[in-house]
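Trainee: I have a structure here, written as structure tokens, and I will follow up with some questions on it.
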Amino acid sequence: PKEQIGGLVTGGLALALRIATGVFTLGWTPKLLFGADAAEVGPGTDKYAFRFGPLAFRDTSPLLADAPRPETPPILYEYEASPFCRKVREAALLLDISLELRP
1 PKEQIGGLVT GGLALALRIA TGVFTLGWTP KLLFGADAAE VGPGTDKYAF
51 RFGPLAFRDT SPLLADAPRP ETPPILYEYE ASPFCRKVRE AALLLDISLE
101 LRP
């Protein structure tokens, strides 16, 4: 219906902006691998990648490989209605901080 077009457009824009913020992660580098390179990554290897057929998508960040990490990830008790929880979660995503999210 016509009355839902506004909500659809604003929801689509919000989704596009949220997806686009991933490119601002420090040192983020996307790679599309083909053939033998794609076969060397994925499940059963020490290199993470998303494989689909003969192709694989891998994202890396050489700057974050040497970054100190805590032994256990910080725990964020998330309350979806709180704008502050959302801001902390978004900041953690931009800084590539591993979090354990709990309701």
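Residue 92 in full-length UniProt numbering sits at position 92 of the sequence shown, and the numbers go up by one each step. Heads up, the beta-carbon is just placed ideally off N, CA and C, and yes, glycines get one too.
#1: With 16 as the cutoff for other CB atoms within 10 Å, does R102 come out buried or exposed?
#2: Compute the beta-carbon to beta-carbon distance between L33 and A56, rounded to the nearest angstrom, for a pair I have assumed lies under 8 angstroms.
#3: From A36 to P70, what does the alpha carbon distance come to, in whole angstroms?
#4: Give me whichever residues DSSP pairs with R102 in a beta bridge.
#5: Determine the burial state of A38: buried for a count of at least 16 other Cβ atoms within 10 Å of its Cβ, exposed for fewer.
#6: What is the rounded straight-line gap between the Cα of W28 and the Cα of I5?
#7: Output needed for V41: all residues of its chain with C-beta closer than 8 angstroms, excluding positions within five of it in sequence on either side, in chain order.
Mentor: Taking the definition as stated:
#1: Around the Cβ of R102, a 10 Å sphere holds fewer than 16 other Cβ atoms; the residue is exposed.
#2: That pair is a contact at about 4 angstroms.
#3: Rounded to the nearest angstrom, the two C-alpha atoms are 35 angstroms apart.
#4: R102 is bridged to Y77.
#5: So A38 ends up on the buried side.
#6: Between W28 and I5, the alpha-carbon positions lie close to 34 angstroms from each other.
#7: By the criterion of a C-beta distance shorter than 8 angstroms, V41 is surrounded in its chain by L33, K47, Y48, A49, R51, A56 and R58, once the five residues flanking it on both sides are discounted.
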